[in-house]
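So in our numbering, the last one in the sequence shown is 759, and the numbering has no gaps at all.
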Amino acid sequence: GLRAGPPPRSGSIARRQQLWRRCKSDCAELFSEWPPELNWLQVADDASIEAAGNATVLPIFPLSGIEWPGSEVQLNIIDPAYRRMYDDLLASGARRFVVPFTRSLPGGRVRYAEMLAEDRRLHEIGTVLQLDDLKEVSGQTGDAVKYVAKHSVRGRARLMRLLNPSALFKTDERGNKIDYLRAEVVLLDDADDSDEEAFNSSSLASQLDASWKELYSLAEEVDEPRFGGREAISDWVARLSTWDLAQLWQQLQLAVRASREQKRVLGDVKSWLESREEGDLSDPSLLDASSLPEDLREALYRSQQGVPSLGPDFWEPLLAIVASEDALGRGRLLVRMAEEEVRLMQDLL
Numbered sequence: 411g412l413r414a415g416p417p418p419r420s421g422s423i424a425r426r427q428q429l430w431r432r433c434k435s436d437c438a439e440l441f442s443e444w445p446p447e448l449n450w451l452q453v454a455d456d457a458s459i460e461a462a463g464n465a466t467v468l469p470i471f472p473l474s475g476i477e478w479p480g481s482e483v484q485l486n487i488i489d490p491a492y493r494r495m496y497d498d499l500l501a502s503g504a505r506r507f508v509v510p511f512t513r514s515l516p517g518g519r520v521r522y523a524e525m526l527a528e529d530r531r532l533h534e535i536g537t538v539l540q541l542d543d544l545k546e547v548s549g550q551t552g553d554a555v556k557y558v559a560k561h562s563v564r565g566r567a568r569l570m571r572l573l574n575p576s577a578l579f580k581t582d583e584r585g586n587k588i589d590y591l592r593a594e595v596v597l598l599d600d601a602d603d604s605d606e607e608a609f610n611s612s613s614l615a616s617q618l619d620a621s622w623k624e625l626y627s628l629a630e631e632v633d634e635p636r637f638g639g640r641e642a643i644s645d646w647v648a649r650l651s652t653w654d655l656a657q658l659w660q661q662l663q664l665a666v667r668a669s670r671e672q673k674r675v676l677g678d679v680k681s682w683l684e685s686r687e688e689g690d691l692s693d694p695s696l697l698d699a700s701s702l703p704e705d706l707r708e709a710l711y712r713s714q715q716g717v718p719s720l721g722p723d724f725w726e727p728l729l730a731i732v733a734s735e736d737a738l739g740r741g742r743l744l745v746r747m748a749e750e751e752v753r754l755m756q757d758l759l
């Protein structure tokens, strides 16, 4: 559904950051209450507690990403903690758990003992994964991966109390978690189709359609990644749920950021080569990366893998969508995000 173009023109990343800072400081009326305030559960290495007798208790599998309701998710299970979790799911027949967002170490590993205190927190609203298929693959992987697990994402849950928070801190001699987190949760009711129908029939749907099409035109001008076409945009907005639309928006923004980061890194490489009078970067495939400084070499490798650096400015608006009470709230956030992106790209042009 996305069309990829070359990264943006030189200097656009710095210019975009300047515009973002200027908007935040000088255009407060445009960004009041933005991004929306989020609720987090701060996690400390505390002793375990007992669940209340009437509480719903589910396993918790924190990830540094968002699994959107209605999607399908495949996970490779490595840690002893999560091998045990899946064994317990099979034994109990429950087959569901909650995935809240958390920060992580580089590479996506969630190891709270090695992380900054301010990063040791879970987003209050997580999505509920239902285990659909579990395949034992330890024989094929030399026990590096125990299971390949396939899931469907079915709704959301609010985390109320963490029962054994130390599970996110304790690891074995190899650095793998040895126990999984459990929490009291409240399952949220997301099954009302009329909720999505209210968005489809509202002015928000037409605003989102117009904003995405304008963004498509601007991306064409600067040759950046963009949605598959104006007709596709109209079809998506009319037919898909707000959860699906949020997932499409995340995919687009990931592609755009990866493209821009690649351009920035290539610009840094070019500047380094020119400073040493070692030629230009007209053909990146001819570059001997081993000659680069380590930090620049690592940045080049990450950019070539299409893995952009993602901070709170990327995740928090998306998490606000996860936490929205209804489809109209999700639609408002999607429109706001698209309109801000349009304004910033217009200033770039």
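Where a beta carbon is used, it is the ideal one built from N, C-alpha and C, also for glycine.
Query raised in the report: How do the segment 603-617 and the segment 740-757 stand: do at least 3 beta-carbon pairs fall below 8 Å, yes or no?
Result: yes
**Report entry** Delimiting residues of the beta strand (DSSP E) encompassing R505
**Finding:** The residue labelled residue 505 in the question sits at position 95 within the sequence shown. Counting along the chain, R505 falls outside any beta strand (DSSP E), and DSSP gives it neither H nor E.
Query - I643: first and last residue of the uninterrupted alpha helix (DSSP H) it sits in - result: Locating residue 643 in the sequence shown gives position 233, counting from the first residue. I643 -> alpha helix (DSSP H) spans R640 to R649.
Query raised in the report: Is DSSP giving I476 helix, strand or coil here?
Result: Looking up residue 476 in the sequence shown gives position 66. Correct three-state label for I476: coil.
Query raised in the report: Helix or strand or just coil, what does DSSP make of V752?
Result: Counting from one through the sequence shown, the residue named residue 752 turns up at place 342. Three-state DSSP puts V752 in a helix.
Query raised in the report: Of the residues M747, S502 and V508, which one's Cα is nearest the Cα of W659?
Result: Within the sequence shown, numbered from 1, the residue matching residue 659 stands at position 249. Of the listed residues, the one whose Cα sits closest to W659 is M747.
Requested in this report: Under the assumption that P510 contacts H533 (Cβ atoms under 8 Å), give the Cβ distance between them as a whole number of angstroms.
Outcome: Mapped onto the sequence shown, residue 510 falls at position 100. Mapped onto the sequence shown, residue 533 falls at position 123. Their Cβ separation, rounded to whole angstroms, is 5 Å, which keeps P510 and H533 in contact under 8 Å.
Query raised in the report: If you count every other CB in all the chains shown that lies within 10 Å of the CB of G536, and 16 or more means buried, which is it?
Result: Counted from its first residue, the sequence shown places residue 536 at position 126. By the neighbour-count rule (16 or more Cβ atoms within 10 Å), G536 is buried.
**Report entry** Three-state secondary structure assigned by DSSP to F724
**Finding:** Taking the first residue of the sequence shown as position 1, residue 724 is located at position 314. Correct three-state label for F724: helix.
Report task. Identify, in the order they occur along the chain, each residue of the same chain with its Cβ nearer than 6 Å to the Cβ of T652, setting aside the five sequence neighbours on each side. Result -> Taking the sequence shown and counting its residues from 1, one reaches residue 652 at position 242. F609, A737, R740 and G741, listed in sequence order.
Query raised in the report: What number of angstroms, rounded off, separates the C-alpha of G415 from the C-alpha of L618?
Result: On the sequence shown, position 5 is the one that residue 415 refers to. On the sequence shown, position 208 is the one that residue 618 refers to. Caution applies to G415, whose pLDDT of 47 falls short of 50 and renders its modelled position unreliable; the value that the coordinates give is listed next. Approximately 23 Å between the Cα atoms of the pair.
Query raised in the report: If we ignore side chains and look at the alpha-carbon of each, how far apart do Y711 and D698 end up?
Result: The count along the sequence shown starts at 1 and reaches residue 711 at position 301. The count along the sequence shown starts at 1 and reaches residue 698 at position 288. Each residue's Cα considered, the two are about 12 Å apart.
Requested in this report: Excluding the 5 residues preceding and the 5 following G480 in the sequence, name in chain order all residues of the same chain whose CB lies nearer than 7 Å to its CB.
Outcome: Mapped onto the sequence shown, residue 480 falls at position 70. Result list for G480: V563, S651, W653 and D654, in chain order.
Query raised in the report: If we count the other Cβ atoms within 10 Å of its Cβ and call it buried at 16 or more, is I643 buried or exposed?
Result: Here residue 643 refers to the residue found at position 233 when the sequence shown is read from its first residue. Result: buried.
Requested in this report: Look up W659 in the DSSP assignment and give the residues it is bridged to.
Outcome: Counting from 1 along the sequence shown, the entry for residue 659 is found at position 249. DSSP lists no partner for W659.
Requested in this report: Determine which residues share a DSSP beta bridge with F511 and list them.
Outcome: Indexing the sequence shown from 1 puts residue 511 at position 101. For F511, which the question treats as bridged, DSSP gives the partners L473.
Report task. Go through its chain and collect everything with a Cβ distance to A629's Cβ below 6 Å, but skip five positions before and after it. Result -> Locating residue 629 in the sequence shown gives position 219, where the first residue counts as 1. Contacts found: R636.
Requested in this report: Going by CA-CA distance only, name the one from K680, L485, I487 and I731 that's closest to L706.
Outcome: In the sequence shown, counting from the first residue as 1, residue 706 sits at position 296. Out of K680, L485, I487 and I731, K680 has the C-alpha closest to the C-alpha of L706.
Query raised in the report: Which of helix, strand or coil does DSSP assign to K587?
Result: Taking the first residue of the sequence shown as 1, we reach residue 587 at position 177. In the structure shown, K587 sits in a strand (DSSP, three-state: E or B).
Query raised in the report: How many Å lie between V632 and S713 at the Cα?
Result: What you label residue 632 is simply residue 222 of the sequence shown in a count that begins at 1. What you label residue 713 is simply residue 303 of the sequence shown in a count that begins at 1. Looking at the two C-alpha atoms, the distance is approximately 19 Å.
Report task. Assign R592 to one of two classes, buried (16 or more other C-beta atoms within 10 Å of its C-beta) or exposed (fewer than that). Result -> One-based indexing of the sequence shown puts residue 592 at position 182. Classification of R592: buried, given that the 10 Å Cβ count is 16 or more.
Query raised in the report: Among G549, P718, R531 and D542, which residue has its Cα nearest to the Cα of L792?
Result: This structure leaves residue 792 out entirely; the chain is present only between 411 and 759.
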